[in-house]
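Reviewing the structure listed below.
Residue numbers (our numbering): -1 to 213.
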């Protein structure tokens, strides 16, 4: 095995043409750990004498095997008005530069129109609905790694409830995989300070009214 993404098989064969049936068996039974359908481009070369051949099958030699994968924090995320919330987004199995960019958008409905929030690439990316909160720092994006970023909201509002989409602009030589992922954020109303006191008072009154029946 040359590296983590390759499989090497030593094949004893008198003729190269005998390699193909064994190759077919290997491709059916050896776990390549690559997404989607793959179409191998495989070559053989003599090794350890003419009666031995080295079969090298690599992910990189597959057509259509490399596929971008974008994921976000599992959801739905549930917060109370005024609480902070963070949503992580990462991308893997991509081509191009190691440092990737992330665009964050949201919609009220799962398939509704998108509202631009913030981007690691464009400073003026935000729509007017979010631009002031981005400027104040209430909404920000933090790069955690080259392939991972986090959307942070300091004090979530009821109007922030919706579906948050993380989009990664393509740097791949060919389009393959998924380039965005989304998660739902639910925001509940924060209880007013007098609510719990009123509840305790009513509970006390109920006990007083019922206590004669217990005697």
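From the three backbone atoms N, C-alpha and C, an ideal C-beta is built for every residue, glycine too.
Small disclaimer: the values here were computed from a predicted structure and weren't measured.
- The criterion of a C-beta distance shorter than 8 angstroms is not satisfied by residue 83 and residue 68.
- For the options 114, 173, 125, 73, the alpha carbon positioned closest to that of residue 91 is the one of 173.
- Residue 132 is positioned such that its CB atom lies closer than 8 angstroms to that of residue 116.
- Going by DSSP, residue 128 is part of the alpha helix (DSSP H) stretching over 126 to 134.
- Residue 74 is positioned such that its CB atom lies closer than 8 angstroms to that of residue 183.
- With respect to the C-alpha of residue 143, the residue from 155, 70, 96, 80 having the closest C-alpha is 96.
- In this structure residue 70 is in contact with residue 179, their Cβ atoms being roughly 5 angstroms apart against a cut-off of 8 angstroms.
- Residue 136 places its beta carbon less than 8 angstroms from that of residue 152.
- Per DSSP, the unbroken beta strand (DSSP E) holding residue 90 starts and ends at 83 to 90.
- Of all alpha-carbon atoms in 177, 77, 125, 66, the one lying nearest the alpha-carbon of residue 111 is that of 125.
- The C-alpha of residue 154 lies about 11 angstroms from the C-alpha of residue 76.
- Per DSSP, residue 106 lies in no beta strand (DSSP E) segment and is marked neither H nor E.
- If the five residues before and after residue 128 are omitted, its C-beta is found closer than 8 angstroms to the C-beta atoms of 113, 114, 115, 116, 137, all from its own chain and listed in chain order.
- For residue 81, the CB contacts under 6 angstroms within the same chain, skipping 5 residues up- and downstream, are 154 in chain order.
- For residue 155, no beta strand (DSSP E) run applies, since DSSP gives it neither H nor E.
- Shortest Cα-Cα distance from residue 100 to any of 167, 66, 162, 156 involves 167.
- The DSSP-derived three-state label of residue 176 is coil.
- Of all alpha-carbon atoms in 118, 181, 148, 188, the one lying nearest the alpha-carbon of residue 109 is that of 181.
- Exclusion of the five residues before and after residue 87 leaves 70, 100, 147, 164 as the residues of its chain whose Cβ lies within less than 6 angstroms of its Cβ.
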